[in-house]
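Listed in order, the protein sequences are those of chains A and B.
Under our numbering, the residue at position 161 of the first sequence is numbered 161, and the numbers go up by one with no gaps.
Take any residue in the second sequence, count from 1 to its spot, add 1000: that is its number in our numbering.
Structure first, commentary second.
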Amino acid sequence: MTDRVLYLHGIGGLPARSPALDALAAHGIEVVTPVLPGFDGEPGFEPPADHLGWLARAWDALDETGALPCPVIGASVGGMIAAELAVLRPETVERLALIAPLGIWDSTIGGDDVFAVPAPLRHSMLFAGEVPDAFTHAFADLGAEEQPVAQHLAWTAAASLVWPLPDRGVATRLHRLRCPTLVVWGDEDRVAPVGYVERWPGEHVVVPGAGHLGEWDAPDDVAETLRSFLS
Amino acid sequence: VKLLWFHLMPYPALPDDFKATNRSVWVDIPSSLHDPRVTAQAYDDYLDQLEQADRVGFDGICVNEHHQNGYGLMPSPNLMAAALARRTEQSAIVVMGNSLALYNPPVRVAEEMAMLDCLSDGRLVAGFPVGTPMDTTYAYGQNPATLRRKYHEAHDLIMRAWTEPDPFSFNGEFTQLRYVNLWPRPLQQPHPPVWIPGGGSVETWDWCAREQYVYCYLSYFGYKLGRATMRGFWKRVEEQGYDDNPYRAGFLQFVGVADTDEEARRLYAEPADYFYNRCLHLYPGFTDSPGYQSEATVRARVQGMVQRAAQQSSARPGAGGLPTTFDEMVEAGYIIAGSPDTVREQLEHVAKELRVGHLMMLLHFGNMSPELTAMNTDLFARKVMPGLRDVFAEHDDPWWPSGCPT
Chain A
1 MTDRVLYLHG IGGLPARSPA LDALAAHGIE VVTPVLPGFD GEPGFEPPAD HLGWLARAWD
61 ALDETGALPC PVIGASVGGM IAAELAVLRP ETVERLALIA PLGIWDSTIG GDDVFAVPAP
121 LRHSMLFAGE VPDAFTHAFA DLGAEEQPVA QHLAWTAAAS LVWPLPDRGV ATRLHRLRCP
181 TLVVWGDEDR VAPVGYVERW PGEHVVVPGA GHLGEWDAPD DVAETLRSFL S
Chain B
1001 VKLLWFHLMP YPALPDDFKA TNRSVWVDIP SSLHDPRVTA QAYDDYLDQL EQADRVGFDG
1061 ICVNEHHQNG YGLMPSPNLM AAALARRTEQ SAIVVMGNSL ALYNPPVRVA EEMAMLDCLS
1121 DGRLVAGFPV GTPMDTTYAY GQNPATLRRK YHEAHDLIMR AWTEPDPFSF NGEFTQLRYV
1181 NLWPRPLQQP HPPVWIPGGG SVETWDWCAR EQYVYCYLSY FGYKLGRATM RGFWKRVEEQ
1241 GYDDNPYRAG FLQFVGVADT DEEARRLYAE PADYFYNRCL HLYPGFTDSP GYQSEATVRA
1301 RVQGMVQRAA QQSSARPGAG GLPTTFDEMV EAGYIIAGSP DTVREQLEHV AKELRVGHLM
1361 MLLHFGNMSP ELTAMNTDLF ARKVMPGLRD VFAEHDDPWW PSGCPT
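This is the structure:
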């Protein structure tokens, strides 16, 4: 069993740490949870103009943790970044666990556009069940004036990573993947339907009753799957 | 004051139950509702109307750019402007305008507008809108988070292409060109006047003042709601130390003229209802792409025009929704309608109250018939225009195309 993993959060942003990761931590694994650039809602964030710029900014944040090399878990947009890390800097990723990664678009599979609904409804598209309080109250500690600004900036960062379609060509690079890979997918994912699982290499596990952020919808199942993979 | 005739070119045959049976007039409006024969006839009618406006003495005629919608049938305003350049003589041709971030490379805008300026013998006004979120980010897939940076970079490239005499290289964040060397070049030197349609953001006001561009507030909601925005603009102009020449500003207003106020109510109620309840039936999910609004604008709680329209379209009547009757629309100032005296009096009030030298008027809106539009234009020219000619006569308009009669 590994003693440390790095986890990259999904498109919903903060909180960066999910209940499934808490369950892993309860088994004695250190979970390092960097925040992807811009998702912290800090004023002044300027999204990079291109994907390479985004990867460089993301990798700055990952390297700053000092956790690499280690197993990397990435969900949603975090999965896309994690997959890029594994194929472009393979020496940094010992094992790769992806939870409904974005990064491949197939119009025959599609996926709902989380950015084509009114902002208050966006979070509801990410879960099979109710939106967890942690997301409903994200940035609430900033107060009523700044909370909507921070949430706007966090959504801006998320959108800039995957607009207009969540595909920056990672599929053309997946042949470089060298480490053991697990791909976990919720069967009620509306944003990236479960059919995409077949487009990713590695071991596949489909989790019943989970939406796009499956580590929130089915934390015990996802944690157990991850723990088994990491052992 | 300059009087301009602005055409939105709406699709005129949206069904009566459009609002009830469709979620949006923009982006995902069903193509089954579009009949090309209707559009062909509409183009013919609409160009006739703009040509009539030129003949009867309007100072300018205006076209604009929208995509994938039934609100306005002009994905390419430059095509319309080209048609008008050959068929009009006097009016400024105000292309309001090209959404700069949508053109790759943006020198295409510099080229086409230079062509239009030459075709029209120097009558072009170059409008540079960012474009609505529906047009730019959903229909044209631009990343909202970088849209404004791309827009400003395109602007810088276009202005250099128009003004630098020698070939140059351009190393931008979004566009790289080894050789920029514009042929043809604009007839107006150093370049055609630049007008910026904008919302209520302080950044846009400051930028227009600094660059000496005309700021145009294209409001769907009339002069009463536009007052605060224009006051904000003039306050920033003053704070930055520039003069208050009213020709720094443009403002959009719906106008319907008839022989009497009662007749105007009878004639214009239906096209107004068509515009507000069909052409402006916007789905809120298409009006707020993340990053489209700047951080400062979000912090200032400034609501964009299309967001307001979407909110009103989806609200229940009486609960923040649209006015339900034509009288309420007139009372709210959305539409100025009435006898020539009524319209003249109110437009003079608008021009002076908002301090707007360029009144951009929609004398066609919604599904207004060609006959009614022709009558509206004719009545305005004969009975309203003469009474407005002297407003702001003491000011020069350095933002007017040099190829137009002074």
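Note that CB positions come from ideal geometry on N, CA and C, so glycine has one too.
- prompt: By a C-beta neighbour count over all protein chains shown, 10 Å radius and 16 as the cutoff for buried, is residue 1277 of chain B buried or exposed?
  reply: Residue 1277 of chain B should be labelled buried.
message: If you follow the alpha helix (DSSP H) that residue 1208 of chain B is in, where does it begin and where does it stop?
response: Judged by DSSP secondary structure, residue 1208 of chain B falls within the alpha helix (DSSP H) whose first and last residues are 1202 to 1211.
task: Would you mind sorting residue 1011 of chain B into buried or exposed? The rule is 16 or more other CB atoms within 10 Å of its CB.
output: That one is buried.
task: Just list the alpha helix (DSSP H) runs in the region 1029 to 1110 of chain B, keeping only unbroken ones of 4 residues or longer that don't cross its boundaries, in chain order.
output: The qualifying runs are 1036 to 1056, 1077 to 1087.
message: Please state the DSSP three-state secondary structure of residue 1248 of chain B.
response: When DSSP states are grouped into helix, strand and coil, residue 1248 of chain B belongs to the helix group.
Candidates B:1348, B:1352, B:1366, B:1280: closest to residue 1269 of chain B by CA position: With respect to the C-alpha of residue 1269 of chain B, the residue from B:1348, B:1352, B:1366, B:1280 having the closest C-alpha is B:1366.
query: With DSSP run on the structure shown, which of helix, strand or coil describes residue 1373 of chain B?
result: Helix.
message: Going by C-alpha to C-alpha distance, which of B:1217, B:1222, B:1179 sits closest to residue 1195 of chain B?
response: Closest option to residue 1195 of chain B, Cα to Cα, is B:1217.
- request: Give the single residue among B:1257, B:1333, B:1295, B:1300 whose Cα lies nearest to the Cα of residue 1384 of chain B.
  value: Considering only alpha carbons, the answer is B:1257.
- request: Report yes if the C-beta distance between residue 87 of chain A and residue 170 of chain A is below 9 angstroms; otherwise report no.
  value: Result yes, Cβ atoms of residue 87 of chain A and residue 170 of chain A sit closer than 9 angstroms.
message: Taking CB distances under 9 angstroms as the criterion, tell me whether residue 153 of chain A reaches chain B.
response: With 9 angstroms as the cut-off, residue 153 of chain A counts as an interface residue toward chain B.
query: Relative to the C-alpha of residue 189 of chain A, which residue among A:173, A:200, A:210 is closest?
result: Considering only alpha carbons, the answer is A:210.
message: Against chain A, does residue 1299 of chain B count as a neighbour if the rule is that its beta carbon must be under 9 angstroms from one of theirs?
response: By this cut-off, residue 1299 of chain B is an interface position.
query: Given that a residue counts as buried once 16 or more other Cβ atoms are within 10 Å of its Cβ, and exposed if not, what is residue 185 of chain A?
result: Answer is buried; the Cβ neighbour count reaches 16.
query: Of all Cβ atoms in chain A, is any one closer than 9 angstroms to the Cβ of residue 1173 of chain B?
result: With 9 angstroms as the cut-off, residue 1173 of chain B counts as an interface residue toward chain A.
query: Does DSSP put residue 1197 of chain B in a helix, in a strand, or in coil?
result: Strand at residue 1197 of chain B.
task: Give the interface partners of residue 1295 of chain B over in chain A, defined as CB-CB distance under 7 angstroms, in chain order.
output: What residue 1295 of chain B touches in chain A: 43, 149, 153.
task: Kindly list the residues whose CB is nearer than 8 angstroms to the CB of residue 136 of chain A, restricted to its own chain and excluding five residues on each side of it in sequence; keep chain order.
output: Taking C-beta separations shorter than 8 angstroms and ignoring five residues to either side along the sequence, the partners of residue 136 of chain A in its chain run 123, following chain order.
query: Which residue from B:1249, B:1254, B:1188, B:1231 puts its Cα closest to that of residue 1208 of chain B?
result: Considering only alpha carbons, the answer is B:1249.
task: Please say whether residue 1094 of chain B and residue 1062 of chain B have beta carbons closer to each other than 9 angstroms?
output: Against a cut-off of 9 angstroms, the Cβ pair of residue 1094 of chain B and residue 1062 of chain B comes out as a contact.
query: Counting along the chain, where does the alpha helix (DSSP H) carrying residue 1180 of chain B start and finish?
result: Premise fails: residue 1180 of chain B lies in the beta strand (DSSP E), 1176 to 1180, not in any alpha helix (DSSP H).
- prompt: Run through DSSP, which three-state label would residue 146 of chain A get?
  reply: Correct three-state label for residue 146 of chain A: coil.
message: Could you check whether residue 1220 of chain B and residue 1280 of chain B sit closer than 9 angstroms to each other, using their CB atoms as the reference points?
response: A contact, by the Cβ cut-off of 9 angstroms.
- request: Give the secondary structure of residue 1017 of chain B by DSSP, where H, G and I count as helix, E and B as strand, and everything else as coil.
  value: Note: residue 1017 of chain B maps to coil in three-state DSSP.
Residues that DSSP places opposite residue 1346 of chain B in a beta bridge: None; residue 1346 of chain B has no bridge partner.
message: For chain A, check one thing: does any of its Cβ atoms lie closer than 9 angstroms to the Cβ of residue 1131 of chain B?
response: Residue 1131 of chain B is outside the set of residues whose beta carbon lies under 9 angstroms from a beta carbon in chain A.
query: In three-state terms, what does DSSP make of residue 1253 of chain B?
result: If DSSP states are grouped into helix, strand and coil, residue 1253 of chain B belongs with the strands.
message: Only counting the same chain, and skipping five residues up and downstream in sequence, which positions put a Cβ closer than 7 angstroms to that of residue 246 of chain A?
response: The structure shown does not extend to residue 246 of chain A, since chain A is modelled only from 1 through 231, so no value can be given for it.
field: Distance CB(residue 30 of chain A)-CB(residue 57 of chain A) smaller than 9 angstroms
entry: The Cβ atoms of residue 30 of chain A and residue 57 of chain A do not sit closer than 9 angstroms to each other.
query: Roughly how many whole angstroms lie between the Cα atoms of residue 1421 of chain B and residue 1122 of chain B?
result: The requested residue 1421 of chain B does not occur in the structure, where chain B is confined to residues 1001 to 1406.
- prompt: Any beta-carbon of chain A closer than 9 angstroms to the one on residue 1143 of chain B?
  reply: A Cβ of chain A is located within less than 9 angstroms of the beta carbon of residue 1143 of chain B.
field: Backbone CA spacing between residue 1171 of chain B and residue 1178 of chain B [nearest angstrom]
entry: Distance between the alpha carbons of residue 1171 of chain B and residue 1178 of chain B: 8 angstroms.
message: Let me check understanding here. Comparing Cα to Cα, which of A:146, A:113, A:70 lies closest to residue 40 of chain A?
response: Of the listed residues, the one whose Cα sits closest to residue 40 of chain A is A:146.
query: If we count the other Cβ atoms within 10 Å of its Cβ and call it buried at 16 or more, is residue 1253 of chain B buried or exposed?
result: Taking all protein chains shown into account, residue 1253 of chain B has 16 or more neighbouring C-beta atoms within 10 Å of its C-beta and is therefore buried.
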